[in-house]
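See structure below.
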Amino acid sequence: MINASALFGSLLANVEVSSYLPILLLLTIAIGFAVTNLLASQLLGPKRKGNVKQSTYESGMNPVGTARKRFNVRFYLIAMVFLVFDIEIIFLYPWAVTFPSLDHEVSNSGIWLGRIVFFILTTVVAYVYGYRKGVFKFD
Amino acid sequence: MIEKIFTLWPEITLFVFTCVVMILGLSRSLSVRRLCAPLSAAALAIAGVLALTTTPDAKGALPHLPLFVKVLTCAVGLVLLLQLAGTADRGYETRVARGEAFDPLRSTRAEFYAFFLFSLTGLMLCGNASDLIWLFLALELTSLPTYVMVAISADRNSAKEAAVKYFFLGALGAATFLYGFALIYGGTGTTDLQGIHAALSQQMATGGINSIAMAGLVLSVIGIAFKIAAVPMHFYTPDVYQGSSSGVASMLAFVPKTAGFVALILVLATVGWVSTSPATHGQLPEPLHSLLWIMAALTMTVGNVLAVMQNSIKRMLGYSSVAHSGYMLVALLAGPGPEGASLTRNGLSAVLFYLIVYAVANLGCFAVLGCLEKTSSDGKSEEIDHIDDIRGLISTRPLLAWVMAVCSLSLLGLPPLLGFMGKLPIFSTGLAAGEIVLVVILGLNSAIAAYYYIRIAKNAILEQSPVRPAGEEIRDAAVPARQFAGIIAGLGTVVLAIIPISSLAIDGGTFRHSRSGVTNSPAQTLPAPVGSAEPATADAPTGPVADATVPPTIAR
Numbered sequence: 001m002i003n004a005s006a007l008f009g010s011l012l013a014n015v016e017v018s019s020y021l022p023i024l025l026l027l028t029i030a031i032g033f034a035v036t037n038l039l040a041s042q043l044l045g046p047k048r049k050g051n052v053k054q055s056t057y058e059s060g061m062n063p064v065g066t067a068r069k070r071f072n073v074r075f076y077l078i079a080m081v082f083l084v085f086d087i088e089i090i091f092l093y094p095w096a097v098t099f100p101s102l103d104h105e106v107s108n109s110g111i112w113l114g115r116i117v118f119f120i121l122t123t124v125v126a127y128v129y130g131y132r133k134g135v136f137k138f139d
Numbered sequence: 001m002i003e004k005i006f007t008l009w010p011e012i013t014l015f016v017f018t019c020v021v022m023i024l025g026l027s028r029s030l031s032v033r034r035l036c037a038p039l040s041a042a043a044l045a046i047a048g049v050l051a052l053t054t055t056p057d058a059k060g061a062l063p064h065l066p067l068f069v070k071v072l073t074c075a076v077g078l079v080l081l082l083q084l085a086g087t088a089d090r091g092y093e094t095r096v097a098r099g100e101a102f103d104p105l106r107s108t109r110a111e112f113y114a115f116f117l118f119s120l121t122g123l124m125l126c127g128n129a130s131d132l133i134w135l136f137l138a139l140e141l142t143s144l145p146t147y148v149m150v151a152i153s154a155d156r157n158s159a160k161e162a163a164v165k166y167f168f169l170g171a172l173g174a175a176t177f178l179y180g181f182a183l184i185y186g187g188t189g190t191t192d193l194q195g196i197h198a199a200l201s202q203q204m205a206t207g208g209i210n211s212i213a214m215a216g217l218v219l220s221v222i223g224i225a226f227k228i229a230a231v232p233m234h235f236y237t238p239d240v241y242q243g244s245s246s247g248v249a250s251m252l253a254f255v256p257k258t259a260g261f262v263a264l265i266l267v268l269a270t271v272g273w274v275s276t277s278p279a280t281h282g283q284l285p286e287p288l289h290s291l292l293w294i295m296a297a298l299t300m301t302v303g304n305v306l307a308v309m310q311n312s313i314k315r316m317l318g319y320s321s322v323a324h325s326g327y328m329l330v331a332l333l334a335g336p337g338p339e340g341a342s343l344t345r346n347g348l349s350a351v352l353f354y355l356i357v358y359a360v361a362n363l364g365c366f367a368v369l370g371c372l373e374k375t376s377s378d379g380k381s382e383e384i385d386h387i388d389d390i391r392g393l394i395s396t397r398p399l400l401a402w403v404m405a406v407c408s409l410s411l412l413g414l415p416p417l418l419g420f421m422g423k424l425p426i427f428s429t430g431l432a433a434g435e436i437v438l439v440v441i442l443g444l445n446s447a448i449a450a451y452y453y454i455r456i457a458k459n460a461i462l463e464q465s466p467v468r469p470a471g472e473e474i475r476d477a478a479v480p481a482r483q484f485a486g487i488i489a490g491l492g493t494v495v496l497a498i499i500p501i502s503s504l505a506i507d508g509g510t511f512r513h514s515r516s517g518v519t520n521s522p523a524q525t526l527p528a529p530v531g532s533a534e535p536a537t538a539d540a541p542t543g544p545v546a547d548a549t550v551p552p553t554i555a556r
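Those sequence lines, one after another, are chains A and B. Residue numbers for the first sequence follow this note's numbering, beginning at 1 and rising by one. Residue numbers for the second sequence follow this note's numbering, beginning at 1 and rising by one.
Printed below as a string of C-alpha cells:
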C-alpha cells in the first residue's frame, strides 16, 4: 500500500516552491483586476437600465438568433493581414529565444541576424501590398 | 543547414524580384505597371545565370538534380512568360485606358506575375530539397500560386469553377502526401532524406521495411500523383485545363508536373532502387513497385482513351497530360539502371529529359490556342478551344498551323521530332528493367494517342477552311508575344531534336549508388559533362555554354 502522505511529501521536497511565486503573483493580479473592475463599475458607474443594456454581451453581435449571417467581405481581408503578423510572431519568438544563446565567437551571427531582417522585410512587402490594395480603407 | 543558404542565390534573386513585381504592379502609372513582365524576364535570366555559376548543394543520391531543375525552370519559364503575356488584366486595362480610374483592388497584374515567379521559385526549391519538410514547403509554394492564377487567368465563370476544383483537390493531395511524410518520419525517426535512406537501407537489410514507413511511402506517392496528374488523382485535369486560359494551362502542365516528378524521384531515392539482394537489384520494394506499375498502366490508358473522346482541344491536351505522366512513370519505375548508365538505360534521366520534351511541345500547342480568338455565345471574345476552330488554319495562318501540327506530332512521338527522342529512352529503359508487359501497354497507348494527335494535325494543315458565318470568325489575339512563344516551341521540337541536349538530363539523373545505405564519396559519381545548349530555349541557341563542366560536388 502506498503511503500517500509520504509520496506527497517527497514530491513537495523536490519542488522549489518559491519558483512558483511569479505564477501566484500573476494569478492574484488577474483575479484582483477582475474583481476591482466589477466593484468599481458597481460603485462608480451610472445605473441606467434598458433591454439592450441588460442583454448578454456577445462582442457586438446579437446573442439570440441565427448564427448564419453574412459578414462584410472586408473581414476576410483583415483576417489575411492579421495572418501576416501572426506568421511574423511565430518566427520571431523562437528566433529571439535562440539568438542570445548563440555562441557569437563561433557561429555566424551576422547571417542569423540577416535572415530575420530579410524575413521581416518580406512581411513589410506584404504590408505595403495590402496597403496599396486598400485593405486598410474603411469607408 | 546554414551553409545551404549559399546554394540558394537563384531562388533568393527570384524571390526579391517577385516582391518588387508585386508592388510595382499596383502602381498608378501605366508605364510602371508595364514593367512587371520585363522585370520577371530579367529575374528569370539572372536566376538562370546564377544557377549555372553557383555550386549546387550536392548532397544526397542525386547530386546534379538541383542544377538541372534550376536551369530548366529558368529556360522554360522565359518561354512561358512570353506565352502568359496579356493574360492578366487585359480587359481591365482597356477600361482604364478608356478613362476609368485605376483601382488597385480590381487589377490582377501584380499578383499574376508575382505568383508566376513564386511558383517557379517553389519548383527550383524542390530540386534542392534535402529534407521532407523542405520538400513539402517547396511543393506547396509551387502549387498554391497556381490555384490563384487559374482563377484570375480568364474573366469567365468556368475559370473560377476550375480554380475551386483545383484548390480543393490540391488540398486533398497535399494532405495525403503530408500524412505520408509524417508516417515516413514515424517509421524512420528522421525527416532528412539521407537519414531516411540510411534508416530504410538498414531496415531492408534486417528483414524488410517497417510497415509504417512503407505506408508513408505509398501515401506520399499517391499524394504527389496529384501534382503530376496520375490516375487516382487525375480528375481535375480536363476541367482545370479547359477553364483556365491557355498560357496558364501550359504552365500547369509544366510547373507542378516537374515539381511532382522531382519530388517522386527524391522520395523514391530514399528507398533507393538499390536492394541488398542481387536478384532484385535495381527494383523498388514490392508494394511500391506494384503501386507504380498499376498507376503507370492506368494513367496511360485512362488518359489516352478519354482524350480520344474529346472535341475540345484543351480537354484533349489535359487528358494527354495525364497520359504523358503515365509514360514518365514507366521510366521512373525502371529506375536509374546500372552505374554510369546512358540515357537509354537510366530511367531517371529519361524522365527528366521527357519533362523538357513534353514542356516544349505542349507549350507550342497551347500557344497556338492563345493566339486565336472567337466570339463566345455571350458576346465576349474568348480563346478558341473546339477542334473545328483550327480546321483549315493552314489557309489563313500557315505559321500557326505548322506550329500546331509539329507540336502535336511531337507529343505523339513522330520520329524526326523531339517527342521521338524523348519517348525512345522511355521504351528502352522500360525494356532494360524487364518491364515487358508495361512496355507493351505503352506501345498500345502510343497507338491510341496517334488518333487524337493526328486529328489535331490533320485539322490544322490538311483540311479546307470552312465558311464560317458572320460573328463566328476566328480572329488574331492582339498579343504578338504568344505567337513568338509558339514559334519558339515549334522550332524547339525540331531543333532540339538535333542538338544533343539529352546529356544535360543524363547529368541530372545521375544516381549515386550505395548498397550499404551510407552515401558513397562523390568521386564515384559519373563525371558527365553538362550538355551543350540550354534546354528548351531554341530562341537563344547560344552555342556551348563555354564548356561548362560539372561544378565540383561538395564532399561532406
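Where is the CB? At the ideal position from N, CA and C, for every residue including glycine.
CB contact below 9 Å: residue i versus chain B
i                      : result
residue 73 of chain A  : no
residue 129 of chain A : yes
residue 48 of chain A  : no
Candidates the options: closest to residue i by CA position
i                      : options                    : result
residue 74 of chain A  : A:82, A:68, A:67           : A:82
residue 86 of chain A  : A:57, A:34, A:61, A:120    : A:120
residue 400 of chain B : B:488, B:147, B:53         : B:488
residue 19 of chain B  : B:88, B:117, B:96, B:106   : B:117
residue 127 of chain B : B:16, B:255, B:247         : B:255
residue 348 of chain B : B:477, B:79, B:261         : B:261
residue 299 of chain B : B:240, B:234, B:217, B:427 : B:234
residue 96 of chain B  : B:29, B:43, B:130          : B:29
residue 103 of chain B : B:41, B:27, B:167          : B:27
residue 192 of chain B : B:228, B:133, B:163        : B:133
residue 228 of chain B : B:142, B:160, B:211, B:486 : B:142
residue 485 of chain B : B:496, B:495, B:366, B:177 : B:366
residue 52 of chain A  : A:62, A:114, A:78          : A:62
residue 257 of chain B : B:99, B:73, B:429, B:478   : B:73
residue 47 of chain B  : B:69, B:35, B:345, B:63    : B:69
residue 355 of chain B : B:508, B:389, B:481        : B:508
residue 33 of chain B  : B:468, B:86, B:54, B:303   : B:86
residue 41 of chain B  : B:288, B:500, B:383, B:84  : B:84
Within-9 Å CB hit, residue i to chain A
i                      : result
residue 10 of chain B  : no
residue 149 of chain B : no
residue 89 of chain B  : no
residue 110 of chain B : yes
residue 5 of chain B   : yes
residue 407 of chain B : no
residue 15 of chain B  : yes
residue 19 of chain B  : yes
residue 23 of chain B  : yes
residue 30 of chain B  : no
residue 442 of chain B : no
residue 26 of chain B  : yes
Close-in-space but distant-in-sequence residues of the same chain around residue i (CB under 7 Å, 5 per side omitted)
i                      : result
residue 89 of chain A  : none
residue 343 of chain B : 349, 350, 353, 425, 502, 505, 506
Sequence-distant residues of its chain with Cβ nearer than 8 Å to residue i (five each side left out)
i                      : result
residue 273 of chain B : 282, 283, 284, 335, 336, 511
residue 380 of chain B : 155, 156
Contact set for residue i: own chain, Cβ-Cβ below 6 Å, skip 5 residues either direction
i                      : result
residue 516 of chain B : Caution is warranted here: a pLDDT of 44 is assigned to residue 516 of chain B, below 50, making its placement in the model unreliable, and the coordinate value is therefore given only provisionally. So no residue of the chain qualifies.
residue 358 of chain B : 324
residue 188 of chain B : 196, 199, 213
residue 44 of chain B  : 74, 77, 78
Contiguous alpha helix (DSSP H) assignments of at least 4 residues, all confined to the segment 85-126 of chain B: 90-97
Runs of beta strand (DSSP E) wholly within the segment 336-388 of chain B (minimum 3 residues, chain order): 372-375, 381-383
Taking beta-carbon pairs under 7 Å, can you tell me which members of the segment 25-46 of chain A lie near chain B? none
What residues in the segment 109-133 of chain A bring their beta carbon closer than 7 Å to a beta carbon of chain B? 111, 122, 125, 128, 129, 132, 133
Quick one, which residues of the segment 92-119 of chain B are near chain A if we go by CB-CB under 7 Å, in chain order? 104, 105
Which residue spans inside the segment 171-223 of chain B form an unbroken alpha helix (DSSP H) run of at least 4? 193-205
At 4 residues or longer, and completely inside the segment 450-503 of chain B: list those alpha helix (DSSP H) runs for me, N to C. 480-498
Ignoring anything shorter than 3 residues or poking outside the segment 73-131 of chain A, list the beta strand (DSSP E) runs there in chain order. none
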